[in-house]
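A quick write-up on the structure given underneath.
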Amino acid sequence: QTISGEHGLDGSGVYNGTSDLQLERMNVYFNEASSNKYVPRAVLVDLEPGTMDAVRAGPFGQ
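Structure below.
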């Protein structure tokens, strides 16, 4: 969530930012998929039960 927000992406992977530099460096963390949506190049998750519960309860856990 944090990295998506820092790069101007909403929850569905659509770019809503205003910075050309931000868009230029998008490929560091994301790949462009169809319909101008971006998907993460990698997913890193802490496997502790408390962290997993927080991820499941958040917007990306749906």
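Note that UniProt numbering has the sequence shown beginning at 1, numbered continuously upward.
Where a beta carbon is used, it is the ideal one built from N, C-alpha and C, also for glycine.
What you are looking at is a predicted structure, and each value in this text was computed from that prediction instead of being measured.
Item, Value
"Under 8 Å Cβ to Cβ from Thr-51, same chain only, skipping five residues before and after it: list those, please.", "Val-45"
"Mapping the DSSP letters down to three states, classify Glu-48 as helix, strand or coil.", "coil"
"With Pro-40 as the anchor, note down where its beta strand (DSSP E) starts and where it stops.", "38-40"
"Quick check on the DSSP output: the alpha helix (DSSP H) that includes Leu-21 runs from which residue to which?", "20-24"
"Checking 7 Å against the spacing of the C-beta atoms, do Val-55 and Gly-13 come in under that value?", "no"
"Does DSSP put Asn-16 in a helix, a strand or coil?", "coil"
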